[in-house]
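A.B. asks:
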Amino acid sequence: MTVSMNDRPLLEVRNLAVGYEARGTWPFGTRTVKAVEGVSFDIRPGETLGLVGESGSGKSTTGRAILRLLPVLEGSIRFDGQDLSDWGKQTPLSYRKQVQAVFQDPSASLNPRQLVSHAIEMTLRRHGVTKRSELHERSLAAFEMVGLSGDHLGRFPNELSGGQQQRVAIARALVLEPRLVVCDEAVSALDLSTQSQIINLLSDLQQLTGVSYLFIAHDLGVVRHIAHRVGVMNHGSLVELAETEELFASPKNAYTQRLLDATPAAHPAGREERRAHRLASRTAPAA
Amino acid sequence: MSETFTSNFHSVEAAPPQRSTNLGRILARVRRQPATLISFGFIVLLAVVAVTAPWLAPLDPTASDFDSVLQPPSAEHLLGTDDLGRDQFSRLLFGTQIVLLVALGAVVVAAVLGVPLGLVFGFYGGWWDRIGMRFIDMAQALPGMLIGLTVITIFGRNIFILMIAIGLIFASAFARVTRATVLGERGKLYVEAAEVAGLRKPQIIFGQVFPNLIGPMITQAAVFLGSAIMIESAMSFLGIGLDSDTPSWGAMLSLAVEKQNVAPYLTWPPGIAIILTVLAFNVFGDGLNDALTGEKRRNAPRIRGGAPRAALSTAASRATQTADAATGATSQALVLEARDVTVALNRPSGEQVNLVSGVSVSVGKGEVVGLLGESGSGKSTFARAVLGMLPAGTWLADGTITLAGEEISHRSAKELRHIRGDRLGAVFQDPMSALSPVHTIGAQLIEPLRIHKGMSRPAARARAVELLERVGVKNAAGRLDDYPHQFSGGMAQRVAIAMALAAEPELLIADEATSALDVTTQSQVLDLILDLRDEFGMGVLMITHSLGVVAETCDRAAVMYRGRVVETAGVEKLFDNPEHPYTAALLAANPVNAVGQDRLATIDPELRAVIDASIDAQAKKEAVR
Numbered sequence: 077m078t079v080s081m082n083d084r085p086l087l088e089v090r091n092l093a094v095g096y097e098a099r100g101t102w103p104f105g106t107r108t109v110k111a112v113e114g115v116s117f118d119i120r121p122g123e124t125l126g127l128v129g130e131s132g133s134g135k136s137t138t139g140r141a142i143l144r145l146l147p148v149l150e151g152s153i154r155f156d157g158q159d160l161s162d163w164g165k166q167t168p169l170s171y172r173k174q175v176q177a178v179f180q181d182p183s184a185s186l187n188p189r190q191l192v193s194h195a196i197e198m199t200l201r202r203h204g205v206t207k208r209s210e211l212h213e214r215s216l217a218a219f220e221m222v223g224l225s226g227d228h229l230g231r232f233p234n235e236l237s238g239g240q241q242q243r244v245a246i247a248r249a250l251v252l253e254p255r256l257v258v259c260d261e262a263v264s265a266l267d268l269s270t271q272s273q274i275i276n277l278l279s280d281l282q283q284l285t286g287v288s289y290l291f292i293a294h295d296l297g298v299v300r301h302i303a304h305r306v307g308v309m310n311h312g313s314l315v316e317l318a319e320t321e322e323l324f325a326s327p328k329n330a331y332t333q334r335l336l337d338a339t340p341a342a343h344p345a346g347r348e349e350r351r352a353h354r355l356a357s358r359t360a361p362a363a
Numbered sequence: 132m133s134e135t136f137t138s139n140f141h142s143v144e145a146a147p148p149q150r151s152t153n154l155g156r157i158l159a160r161v162r163r164q165p166a167t168l169i170s171f172g173f174i175v176l177l178a179v180v181a182v183t184a185p186w187l188a189p190l191d192p193t194a195s196d197f198d199s200v201l202q203p204p205s206a207e208h209l210l211g212t213d214d215l216g217r218d219q220f221s222r223l224l225f226g227t228q229i230v231l232l233v234a235l236g237a238v239v240v241a242a243v244l245g246v247p248l249g250l251v252f253g254f255y256g257g258w259w260d261r262i263g264m265r266f267i268d269m270a271q272a273l274p275g276m277l278i279g280l281t282v283i284t285i286f287g288r289n290i291f292i293l294m295i296a297i298g299l300i301f302a303s304a305f306a307r308v309t310r311a312t313v314l315g316e317r318g319k320l321y322v323e324a325a326e327v328a329g330l331r332k333p334q335i336i337f338g339q340v341f342p343n344l345i346g347p348m349i350t351q352a353a354v355f356l357g358s359a360i361m362i363e364s365a366m367s368f369l370g371i372g373l374d375s376d377t378p379s380w381g382a383m384l385s386l387a388v389e390k391q392n393v394a395p396y397l398t399w400p401p402g403i404a405i406i407l408t409v410l411a412f413n414v415f416g417d418g419l420n421d422a423l424t425g426e427k428r429r430n431a432p433r434i435r436g437g438a439p440r441a442a443l444s445t446a447a448s449r450a451t452q453t454a455d456a457a458t459g460a461t462s463q464a465l466v467l468e469a470r471d472v473t474v475a476l477n478r479p480s481g482e483q484v485n486l487v488s489g490v491s492v493s494v495g496k497g498e499v500v501g502l503l504g505e506s507g508s509g510k511s512t513f514a515r516a517v518l519g520m521l522p523a524g525t526w527l528a529d530g531t532i533t534l535a536g537e538e539i540s541h542r543s544a545k546e547l548r549h550i551r552g553d554r555l556g557a558v559f560q561d562p563m564s565a566l567s568p569v570h571t572i573g574a575q576l577i578e579p580l581r582i583h584k585g586m587s588r589p590a591a592r593a594r595a596v597e598l599l600e601r602v603g604v605k606n607a608a609g610r611l612d613d614y615p616h617q618f619s620g621g622m623a624q625r626v627a628i629a630m631a632l633a634a635e636p637e638l639l640i641a642d643e644a645t646s647a648l649d650v651t652t653q654s655q656v657l658d659l660i661l662d663l664r665d666e667f668g669m670g671v672l673m674i675t676h677s678l679g680v681v682a683e684t685c686d687r688a689a690v691m692y693r694g695r696v697v698e699t700a701g702v703e704k705l706f707d708n709p710e711h712p713y714t715a716a717l718l719a720a721n722p723v724n725a726v727g728q729d730r731l732a733t734i735d736p737e738l739r740a741v742i743d744a745s746i747d748a749q750a751k752k753e754a755v756r
């Protein structure tokens, strides 16, 4: 995985604030709750940026704002130099073509009543591919790229295993040859042995196509393996952003340290010391 | 990209890999519901009769014959004649036409009015929804007959007016069902995925969401057809439906009631026709709904006769043979000893499969034993067998479960409840589903203490506060009167643990107890379980899919795959020196172990073949024995 440091960032997020409309006290009034505030980061071409944090930390909200599923309240998101808020409520097709997503629950992200080939073909058709033969060819190519065969095209989502469903979702995201894919907990719902296959697949595809990933996950082990740089979110803000190994080796932020301490180790060795250490830090009046 | 990836593990529960369309599957399910088939057959018969009535009917249904008035059934008039000498059999056949036509027309009117309204309310939401739904509420509050009566009174009697009148009654119900389905689908990930793909709103609504509406709509329509027939009959019976000359079942019934004393035979044919038809549509609608949603109401097959008891003796003798092989903790006092536990499931097709086959796991006093496996490996089913809470359709087919020296596997439900309350504690993945949302946590903690420990109310309350404090709930006395939803996920799981501890259990079963929690909360809850183990000396069965949880907490662990334990070992040995290829493969697939490597180890087809072969060999060896 080669990331050139000199490249201009593909995605520039500056001082981003994203919020939800919540029902106010008066039945018909609304107020805005900020789920993310003051978040800034870049993603370079061919790079994987990991975004970790606990539930409610705002990591998925950030991803959804980049996908334009949520409006930006403050700050800016620039993709390839273009400020997204210039478009208002509309999202040009060219942006959709370049920025795609893979979601957590593969069974929910595919329409249960449609053949999986339909998911790919409808995407292609919307982006100007109309010839039947070309539709089929490109769907097949996308499926083969993610390790599925043409036989899988004619199936319904519930006839595929969780890992295969996630491959379909990845094929759908990559069929348009995007430059950025937001992977929102893309491997969290999968079993360990399936998870490792999907992670390998994502790295392979990155090498092949040079796509960038925003890899949102709560599992530090997975992020450590796949990400070049990692951002840590807590309570809606980005508390630390560093090169992956630097972050894991010497975390600067107290919350990052706490997150690392809490992550179960891969081997029982030294667990008594770890437990004692956790106990000590918990009883200490830090909080 | 050289390797060909395959699906994840074929679990025992996974359906056989057959290519079938959705429609084919639905039909297959319908085929397994005799009641649905029979009612469908009846509906088809009705339709055939309705179409062919002019040819089937021996006489004109409206032709009066004053020479044969109120004749009882005879060869000439199969069902007799009415007060105008009209042939009842012919009227019944032609009545089918009217009844189906009115019902069908009414449902079409209802759908045409209701579905678009529901779509608009569901999609646009906001003010459209708030005001529109209030009107629907009002419409639904009005008695259906009253609406029908009003329409008929204003517009006069006529088959089309009747359709509209009855259709109006159901339109609001169609709108409701449509709106509910749309609201449910709108939030789904696949709709977001379509949006990210750049699809336009109408494309998403009609191409993505609408197909999901068809199933519930058809079901609704079938049920409404039945109701529409009933309403049409009722209106005709009351004389506010079609004019009395038109052969309608309701009108026939009305006349029959009038002439009950002189011609009792008139009541039966229309009465039975109405009952059977309404029933057929309702049963068919219900069955269709089950087939579409794929939910079959399984009748729990009870343990058949003495089979398990017979199995018991063989299992017991086998247990002695394998005793030393299976446990590594024979010297310790065992709080749980499960031997050769086999849990079977009856497929709807009648075929029997084992979800858990011959699993032996033991937990010593003060020991934390892990049960590690991926989804579908049978680990949770095993836990439910130990708890005596196997889901409907599954049963303990073989094996013994001993808890603190007492055999519990074949006790009655009442005895089991007592043992569970006294000696077993369980914590599950979702604390919110383990706690009742309508009772305060105080009530939920105090009640079992009073029942199982016979405490007085004040004593139980004091103990509850003590327990909550022990699991780390701050201001415990004040929080006793809070409801579960007032606790965060981590705190709710602490409360669930306090409940499990209330009985001072000898064995705590933690079934994915920390899987839904954030890592910082997970480590706190795991530490809490370890602290409690140190303090009370209970055994813990830690069921998890996470290698990390096993590494951090367990003394020993059993690895499950395809319903079997493939390896049981001390935790250090398991991680350093796994014996079974499956365990080794799992460890290698853990990304934490592969820092700095480009690729993760996966279970490729060859490796899987090796693993599966070893499992099959094990199964064969057991079968021989």
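So the sequence lines, in the order shown, correspond to chains G and S.
Here my numbering = 1-based position in the first sequence + 76.
Here my numbering = 1-based position in the second sequence + 131.
Glycine included, each C-beta is placed from N, C-alpha and C at the ideal position.
1) Roughly how many angstroms separate the alpha carbons of Ser480 of chain S and Leu268 of chain G, rounded to a whole number?
2) In this structure, how does DSSP classify Glu207 of chain S when only helix, strand and coil are distinguished?
3) For Ile371 of chain S and Val246 of chain S, I'd like the C-alpha separation in whole angstroms.
4) When DSSP builds the beta bridges, which residues end up paired with Cys685 of chain S?
5) Taking Cβ-Cβ distances shorter than 7 Å, what residues in chain G pair up with His570 of chain S?
6) Which of the three DSSP states, helix, strand or coil, is assigned to Met520 of chain S?
7) May I ask you to list, following chain order, the residues of the region 316–331 of chain S that have a beta carbon less than 7 Å from some beta carbon of chain G?
8) Thinking just about the alpha-carbon of each residue, which of S:Met276, S:Leu661, S:Val251, S:Val388 is nearest to the one in Val340 of chain S?
9) CB His301 of chain G to CB Leu731 of chain S, shorter than 8 Å?
10) For Leu639 of chain S, which residues does DSSP report across the bridge?
11) Roughly how many whole angstroms lie between the Cα atoms of Val178 of chain G and Val313 of chain S?
12) In the DSSP assignment, what are the bridge partners of Leu502 of chain S?
13) Thinking Leu555 of chain S and Ile640 of chain S are a contact (beta carbons under 8 Å), I'd like their distance in whole angstroms, please.
14) Pick out whichever of S:Ala304, S:Gly263, S:Val492 has its Cα sitting closest to the Cα of Pro274 of chain S.
15) I believe Thr652 of chain S touches Gly679 of chain S by the beta-carbon criterion, under 8 Å. Please report the beta-carbon distance rounded to the nearest angstrom.
16) How about Gly338 of chain S: is its C-beta nearer than 8 Å to some C-beta of chain G?
17) Do you know whose CA, among S:Arg601, S:Asp686, S:Pro342, S:Ser677, lies nearest Lys704 of chain S's CA?
18) Which residue marks the beginning of the beta strand (DSSP E) containing Asp260 of chain G, and which one marks its end?
19) According to DSSP, is Gln240 of chain G helix, strand or coil?
20) Could you check whether Thr138 of chain G and Leu127 of chain G sit closer than 8 Å to each other, using their CB atoms as the reference points?
21) Closer than 8 Å by beta-carbon distance: list the chain G residues that pair up with Val702 of chain S, in chain order.
22) Let me check understanding here. Comparing Cα to Cα, which of G:Val244, G:Met309, G:Ala342 lies closest to Thr332 of chain G?
23) Please list, in chain order, all residues of the same chain as Gln241 of chain G whose beta carbon is under 7 Å from its beta carbon, the five residues on each side excluded.
24) Where does the unbroken alpha helix (DSSP H) through Arg695 of chain S begin, and where does it stop?
25) Return the residue from the list G:Leu296, G:Gln166, G:Asn91 that minimises the CA-CA distance to Lys110 of chain G.
26) When DSSP builds the beta bridges, which residues end up paired with Val492 of chain S?
27) Under three-state DSSP, which class holds Met586 of chain S?
28) Name, going along the chain, the residues of the region 123–149 of chain G whose beta-carbon falls closer than 7 Å to a beta-carbon of chain S.
29) Buried or exposed: which applies to Val258 of chain G, given that a residue is buried once 16 or more other Cβ atoms fall within 10 Å of its Cβ?
30) What does the alpha-carbon distance come out to for the pair Gly603 of chain S and Gln190 of chain G?
31) Please name the residue or residues paired with Val230 of chain S in a DSSP beta bridge.
32) What would DSSP say about Gln271 of chain G, mapped onto helix, strand or coil?
33) When you compare the CB positions of Thr488 of chain S and Thr512 of chain S, do they come within less than 8 Å of one another, or not?
34) Can a CB atom of chain G be found closer than 8 Å to the CB of Glu482 of chain S?
35) For Gly236 of chain S, which three-state DSSP category applies?
36) Can you pull the chain G neighbours of Ile734 of chain S, defined as C-beta to C-beta under 7 Å?
C.D. replies: On the basis of the coordinates in this document:
1) So the alpha carbons of these two residues sit roughly 32 Å apart.
2) DSSP places Glu207 of chain S in coil when its eight states are reduced to three.
3) Ile371 of chain S and Val246 of chain S: Cα-Cα distance of roughly 28 Å.
4) Looking at the DSSP assignment, Cys685 of chain S forms no beta bridge with any residue, so it has no partner.
5) Here the premise fails: no neighbours, minimum Cβ distance about 26 Å.
6) It is coil, neither helix nor strand.
7) Listed in sequence order: Lys319, Leu320, Tyr321, Glu323, Ala324, Glu326, Val327, Ala328, Gly329, Leu330.
8) Relative to the Cα of Val340 of chain S, the nearest Cα in the group S:Met276, S:Leu661, S:Val251, S:Val388 belongs to S:Val251.
9) Yes, Cβ-Cβ distance for His301 of chain G and Leu731 of chain S is below 8 Å.
10) Answer is S:Gly556, S:Val671, bridged to Leu639 of chain S.
11) Rounded to whole angstroms, the separation of the alpha carbons of Val313 of chain S and Val178 of chain G is 23 Å.
12) The partner list for Leu502 of chain S (beta bridge, DSSP) reads S:Ile674, S:Ala689.
13) About 7 Å separates the two Cβ atoms, so the contact holds.
14) Among S:Ala304, S:Gly263, S:Val492, the Cα nearest to that of Pro274 of chain S belongs to S:Ala304.
15) About 14 Å separates the Cβ atoms of Thr652 of chain S and Gly679 of chain S, ruling out a contact at the 8 Å cut-off.
16) With 8 Å as the cut-off, Gly338 of chain S counts as an interface residue toward chain G.
17) Comparing alpha carbon positions, the residue from S:Arg601, S:Asp686, S:Pro342, S:Ser677 closest to Lys704 of chain S is S:Asp686.
18) Counting along the chain, the beta strand (DSSP E) containing Asp260 of chain G begins and ends at 256–260.
19) It is helical.
20) Yes, Cβ-Cβ distance for Leu127 of chain G and Thr138 of chain G is below 8 Å.
21) Simply Pro344.
22) For Thr332 of chain G, the closest alpha carbon among the candidates G:Val244, G:Met309, G:Ala342 is that of G:Met309.
23) Beyond the five residues adjoining it in sequence on each side, Gln241 of chain G comes within less than 7 Å, by CB distance, of Pro182, Ser183, Leu186, Pro233 in the same chain, given in chain order.
24) Under the DSSP assignment, Arg695 of chain S falls outside any alpha helix (DSSP H), being part of the beta strand (DSSP E) whose first and last residues are 695–701.
25) Nearest of G:Leu296, G:Gln166, G:Asn91 to Lys110 of chain G, Cα basis: G:Asn91.
26) Val492 of chain S pairs with S:Ala469.
27) Met586 of chain S: coil per DSSP, three-state reduction.
28) Against chain S - using a Cβ distance shorter than 7 Å - the residues of the region 123–149 of chain G are Glu130, Ser131, Leu143, Leu145.
29) A residue is called buried once 16 or more other Cβ atoms fall within 10 Å of its Cβ, and Val258 of chain G is buried on that count.
30) So the alpha carbons of these two residues sit roughly 49 Å apart.
31) Residue pairing of Val230 of chain S in beta bridges, as defined by DSSP: absent, with no partner found.
32) Gln271 of chain G falls in the helix class under three-state DSSP.
33) Inspection of the sequence shows that residue 488 of chain S is occupied by Ser rather than by Thr. Cβ atoms of Ser488 of chain S and Thr512 of chain S: not closer than 8 Å.
34) It does not; no Cβ of chain G falls within 8 Å.
35) If DSSP states are grouped into helix, strand and coil, Gly236 of chain S belongs with the helices.
36) The answer, in chain order, is Ser269.
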